[in-house]
Amino acid sequence: MTFEIKKIWTLTGIPLRPLVVGSRAVIVHQGKITRTAPIVAIHRRTAGEVHFETLDTRYYLLTGSDFEPAMSSLPAALAA
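Reading the sequence shown from the start, the letters are residues 503 to 582 in my numbering.
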């Protein structure tokens, strides 16, 4: 019997584009941009949290309005 062990990440930030199964998540958090592996499932989506997973990681993304980055902190290439 094989058990799958996945990493678990809890991030505080916002996605730069909608989360879609089959696409990569692009998340702004702590002044950085994280790009995940393709999403395989989205388990929960509320106003303050999104729980989704990729092949090897489970993500808990805390997305409350207090966590939105200032647009000026994004690289100019992303703003275009």
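For each residue, glycine too, the CB sits at the ideal point set by N, CA and C.
Quick caveat, the model's predicted, so the values are computed rather than measured.
Item                                                                                                        : Value
For V522, name the three-state secondary structure that DSSP assigns.                                       : coil
Distance, Cα to Cα, S575 vs T538?                                                                           : In this predicted model, S575 has a pLDDT of only 44, less than 50, meaning its place in the structure is not dependable; the value taken from the coordinates is given anyway. When rounded, the distance between both Cα atoms is 20 Å.
From G550 to T536, what does the alpha carbon distance come to, in whole angstroms?                         : 19 Å
Between T565 and E506, what straight-line distance do the alpha-carbon atoms span, to the nearest angstrom? : 27 Å
Does DSSP put F554 in a helix, a strand or coil?                                                            : strand
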